[in-house]
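Heads up: the sequence shown runs through residues 233 to 408, numbered per my numbering.
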Amino acid sequence: MIVREETMSSEIVYNGKIVNLRIDTVELPKQRYSKREIVEHPGGVGIIALTEENEVIMVRQFRKPIEDCVLEIPAGKLDNGEDPKKCAIRELKEETGYEAENMEFLLDFYSSPGFTDEKIHIYFATGLKNGKAQPDENEYIEIEKYKIEDLVQMIKDNEIHDAKSIISILYVDKLL
Numbered sequence: 233m234i235v236r237e238e239t240m241s242s243e244i245v246y247n248g249k250i251v252n253l254r255i256d257t258v259e260l261p262k263q264r265y266s267k268r269e270i271v272e273h274p275g276g277v278g279i280i281a282l283t284e285e286n287e288v289i290m291v292r293q294f295r296k297p298i299e300d301c302v303l304e305i306p307a308g309k310l311d312n313g314e315d316p317k318k319c320a321i322r323e324l325k326e327e328t329g330y331e332a333e334n335m336e337f338l339l340d341f342y343s344s345p346g347f348t349d350e351k352i353h354i355y356f357a358t359g360l361k362n363g364k365a366q367p368d369e370n371e372y373i374e375i376e377k378y379k380i381e382d383l384v385q386m387i388k389d390n391e392i393h394d395a396k397s398i399i400s401i402l403y404v405d406k407l408l
């Protein structure tokens with residue numbers, strides 16, 4: 233039996249620049265109660281950008297939570313109320329310098345619904361024109377290009393660890 237939890241109370245315990253932390257008290261069956269720690273996030277986008285040479289544009293950057301550099305698709309956080317497609321266009325240009333003639337919505341998913349409401353929207357960019365990257369002042373990004381089949385093999389070899397990138401690469405691999 234699936235049980236829906238009714239929220240009895242909700243308290244914001246942290247308001248941050250990127251996330252908020254909320255603690256909800258929920259009612260369970262038989263008048264039992266529990267606490268749920270929820271990270272509120274405005275959501276984000278990821279872009280799988282394919283060049284005319286059939287290479288996928290990837291970015292490598294240091295990620296503090298895991299203390300390592302990560303190879304991933306270009307991505308970024310939605311501003312409050314921002315249209316995901318407009319965000320994808322902006323983030324692709326900022327992080328890589330590329331602009332796309334075509335920006336097609338592929339899918340969206342929740343990154344980790346056990347503790348956050350973050351939803352990621354994935355777009356497929358083609359018809360690319362190169363330009364100058366304009367990363368945020370606190371972003372240090374290296375741009376790399378790979379054939380899709382090489383990225384699929386890297387996933388199989390456990391060399392790519394970013395979930396949005398794995399999902400996007402495998403999805404697009406089945407489209408091509």
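Virtual Cβ for every residue (Gly too), placed ideally from N, Cα, C.
- Here DSSP, grouped into helix, strand and coil, assigns ASP394 to coil.
- Note: ASN370 is not bridge-paired with any residue in the DSSP secondary-structure output.
- For GLU326, the uninterrupted alpha helix (DSSP H) segment begins and ends at 316-328.
- Ranked by how close their Cα comes to the Cα of GLY313, the residues LEU253, GLU374, PRO274 have PRO274 in first place.
- Here DSSP, grouped into helix, strand and coil, assigns VAL235 to coil.
- With a cutoff of 8 angstroms on beta-carbon distance, ILE380 and VAL288 are scored as near each other.
- Bounds of any alpha helix (DSSP H) do not take in GLN263, whose DSSP letter is neither H nor E.
- Residue range 276-282 is occupied by the beta strand (DSSP E) that includes ILE279, with no alpha helix (DSSP H) assigned at that position.
- The Cβ neighbour count for LYS396, taken over all protein chains shown within 10 Å, is at least 16; the residue is labelled buried.
- With at least 16 other beta carbons inside 10 angstroms of its own, THR328 counts as buried.
- GLU381: member of the alpha helix (DSSP H) spanning 380-388, first to last residue.
- Secondary structure note for HIS353: its beta strand (DSSP E) is the uninterrupted segment 351-361.
- SER242 is bridged by DSSP to ASP256.
- Taking the C-beta atoms as reference points, LYS317 is found no nearer than 8 angstroms to MET290.
- The C-beta distance from PRO367 to GLU304 rounds to 14 angstroms, too long to fall under 8 angstroms, and the pair is not in contact.
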